[in-house]
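Reminder that position 371 of the sequence shown reads as 374 in the numbering used here, one-by-one numbering, no gaps.
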Amino acid sequence: MALAIAASVGGTALSAGWSFGVGRLLPAGILATVAGVALPWRHQRPLAVVALTTACGMGQGLLGMLVTPILTAPMTIALYSVGVREDIRTRRAGALIAGTGMLITGTVLTLSRKEFFLSIVNPVSWAMLPIAFGSYVQVRRALAASRAEQAERAKEEEAHRRVIEERMRIARELHDVVAHHLALANAQAGTAAHLKRTDPEQAFAILDQLSGTTASALRELKATVSVLRQESDERNLAPAPGLARLPDLTAACAAAGLKVGVETDGDARDLSPAVDVTAYRIVQEALTNVTKHAARPEAEVRLAYTDRYLTLTVRNALGPAAVAAGRGYGLTGMRERALAVGGTFHAGRRPGGVFEVACTLPLHHRDPDEGKAP
Numbered sequence: 004m005a006l007a008i009a010a011s012v013g014g015t016a017l018s019a020g021w022s023f024g025v026g027r028l029l030p031a032g033i034l035a036t037v038a039g040v041a042l043p044w045r046h047q048r049p050l051a052v053v054a055l056t057t058a059c060g061m062g063q064g065l066l067g068m069l070v071t072p073i074l075t076a077p078m079t080i081a082l083y084s085v086g087v088r089e090d091i092r093t094r095r096a097g098a099l100i101a102g103t104g105m106l107i108t109g110t111v112l113t114l115s116r117k118e119f120f121l122s123i124v125n126p127v128s129w130a131m132l133p134i135a136f137g138s139y140v141q142v143r144r145a146l147a148a149s150r151a152e153q154a155e156r157a158k159e160e161e162a163h164r165r166v167i168e169e170r171m172r173i174a175r176e177l178h179d180v181v182a183h184h185l186a187l188a189n190a191q192a193g194t195a196a197h198l199k200r201t202d203p204e205q206a207f208a209i210l211d212q213l214s215g216t217t218a219s220a221l222r223e224l225k226a227t228v229s230v231l232r233q234e235s236d237e238r239n240l241a242p243a244p245g246l247a248r249l250p251d252l253t254a255a256c257a258a259a260g261l262k263v264g265v266e267t268d269g270d271a272r273d274l275s276p277a278v279d280v281t282a283y284r285i286v287q288e289a290l291t292n293v294t295k296h297a298a299r300p301e302a303e304v305r306l307a308y309t310d311r312y313l314t315l316t317v318r319n320a321l322g323p324a325a326v327a328a329g330r331g332y333g334l335t336g337m338r339e340r341a342l343a344v345g346g347t348f349h350a351g352r353r354p355g356g357v358f359e360v361a362c363t364l365p366l367h368h369r370d371p372d373e374g375k376a377p
């Protein structure tokens with residue numbers, strides 16, 4: 004405010020000294036001081052301050068002062084404040100007030116001086132430029148705020164998406180670990196109960212195997228939970244299960260009374276960790292479904308390797324319980340796993356009373372989470 008008063012009064016003094024002498028300096032100086040003193044209220048009463056500073060500028064011009072940017076500094080500050088802070092309606096009103104005032108002043112001066120450019124164009128331009136520049140600054144600030152808000156919203160959406168994906172991943176892992184071992188344990192317990200009178204020794208042997216099944220379930224569940232509780236992002240965690248553990252899986256199924264045949268077409272090839280885990284989990288879940296729904300405790304697993312893909316097929320004879328198959332999360336989880344590594348998945352009935360789970364997986368898939376034990 005002090006600078007505005009000093010500039011306005013100084014400009015008044017220069018204009019008076021150069022144009023019409025010092026006789027009109029006092030009233031012009033008073034007008035300049037009033038305009039400067041009004042500036043602190045430009046945020047509370049923007050249009051009133053614009054009108055007052057414009058009127059003071061008009062008065063100085065009509066007193067014969069040369070209307071210059073220094074002389075109209077208070078009006079310029081008030082207009083810039085309106086341009087930066089106020090809405091479009093207030094900006095238009097401020098521009099109209101200042102423009103009209105300067106136009107009237109310029110017209111009067113033109114009648115006496117015959118200097119159209121200096122008397123009209125310049126004052127009106129000085130009135131329009133501050134509010135135009137202030138409006139530009141306001142638009143730039145709004146654009147920056149909008150971009151920041153969009154970036155923050157995108158960040159929140161990305162975080163939400165990651166939470167959903169992580170939740171689905173946890174659900175898949177827990178389902179695969181718990182459902183498989185519980186299905187085997189249930190089959191073993193049922194077989195032992197059936198044999199406890201006719202073949203007690205075999206029943207006790209199956210119960211021993213049941214203990215191993217539950218212990219394996221606890222180990223895998225503990226490993227999964229330990230990974231989920233990791234606070235760091237280190238990759239040197241326990242190795243993830245892959246097709247190398249397929250013999251152990253079929254042996255566990257055999258112990259539960261499920262006969263599994265494995266056939267391999269083509270030379271076995273190295274798989275990326277994500278694809279290896281996916282293939283193993285799909286076979287595991289498919290055999291779990293066989294244990295629960297098949298007509299006979301038999302299944303066929305076929306692995307077909309090509310230069311770029313692995314085609315995995317699990318087939319079994321349909322049973323009465325197959326009607327209810329698909330109501331759980333097993334097939335959904337298998338499909339999600341296959342799609343996550345860029346593969347395809349299909350499950351359904353085949354001619355001859357056979358249910359088939361088939362998927363085609365690329366041999367290599369880049370996964371940002373590779374190395375984590377599921």
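We treat Cβ as the ideally placed atom computed from N, Cα and C, and that holds for glycine.
Since we're looking at a predicted model, the values are computed, not measured.
Helix, strand or coil for A350 per DSSP?
-> strand
Quick one: is A96 near chain B, going by C-beta distance under 7 Å?
-> Absent here is chain B; the protein component of the structure consists of one chain.
Whole-angstrom C-beta distance between A31 and L66, which should lie under 8 Å | 5 Å
Anyone know if the C-beta pair for S275 and H368 falls short of 7 Å?
-> yes
Would you please state the rounded distance, in angstroms, between the beta carbons of V181 and A220? I believe it to be under 8 Å.
-> 7 Å
Taking 7 Å as the cut-off, decide whether the C-beta atoms of Q205 and Q191 are in contact.
-> no
Over the uninterrupted beta strand (DSSP E) stretch that includes E339, give me the two end residues.
-> Per DSSP, E339 belongs to no beta strand (DSSP E); it is in the alpha helix (DSSP H), G333 to A343.
Return the first residue and the last residue of the beta strand (DSSP E) that E89 is part of.
-> No beta strand (DSSP E) holds E89; DSSP gives it neither H nor E.
Contact the stretch 250 to 264 vs the stretch 143 to 155: 3+ CB pairs below 8 Å | no
What are the residues that DSSP puts in a beta bridge with L313?
-> Y308 and L364
Please name the residue or residues paired with E152 in a DSSP beta bridge.
-> Per DSSP, none; premise fails for E152.
By the 10 Å Cβ neighbour count, where 16 or more other Cβ atoms means buried, how is W44 classified, buried or exposed?
-> exposed
Beta-carbon gap between G102 and V127 smaller than 7 Å = yes
Would you call the CB atoms of L364 and G351 closer than 7 Å?
-> no
What is the DSSP secondary structure of T93, counted as helix, strand or coil?
-> helix
Whole-angstrom C-beta distance between C59 and L34, which should lie under 8 Å = 4 Å
Taking the alpha helix (DSSP H) that K199 falls in, what are its first and last residues?
-> Unbroken run through K199: none, as it is neither H nor E.
Buried or exposed for S138, please, with buried defined as at least 16 other CB atoms from any protein chain shown within 10 angstroms of its CB.
-> buried
Going by CA-CA distance only, name the one from L74, R175, R88 and D268 that's closest to Q47.
-> R88
Can you say whether F358 is buried or exposed, counting buried as having 16 or more other CB atoms within 10 angstroms of its CB?
-> buried
Helix, strand or coil at K295 according to DSSP, with G and I counted as helix | helix
What are the start and end residues of the beta strand (DSSP E) that includes G62?
-> Segment P49 to L65 is the alpha helix (DSSP H) holding G62; no beta strand (DSSP E) there.
Excluding the 5 residues preceding and the 5 following V111 in the sequence, name in chain order all residues of the same chain whose CB lies nearer than 8 Å to its CB.
-> G64 and L65
Using the beta-carbon count (16 or more within 10 Å), is P300 buried or exposed?
-> buried
If we call anything under 7 Å between Cβ atoms a contact, is A307 one with N319?
-> no
Give the range of the alpha helix (DSSP H) segment to which D270 is assigned.
-> Element bounds for D270: n/a, residue is neither H nor E.
Continuous alpha helix (DSSP H) stretch holding G39: start and end | L28 to A41
Short Cβ contact (7 Å threshold) for P77 with G39 | yes
Where R45 sits in the DSSP three-state scheme = coil
When you compare only the Cα positions, how much space is there between G264 and L290?
-> 11 Å
Taking the alpha carbon of G109 as the point to measure from, which residue in I134, L342 and G62 has its own alpha carbon closest?
-> G62
Distance CB(A341)-CB(C362) smaller than 7 Å | yes
For I2 versus V166, is the C-beta spacing smaller than 7 Å?
-> Look at the range of the chain in this structure, 4 to 377, and you will see that residue 2 is not part of it.
Nearest-angstrom Cα distance between D268 and A277?
-> 21 Å
Measuring alpha carbon to alpha carbon, tell me which of R170, V286, R284 and D270 ends up nearest Y312.
-> D270
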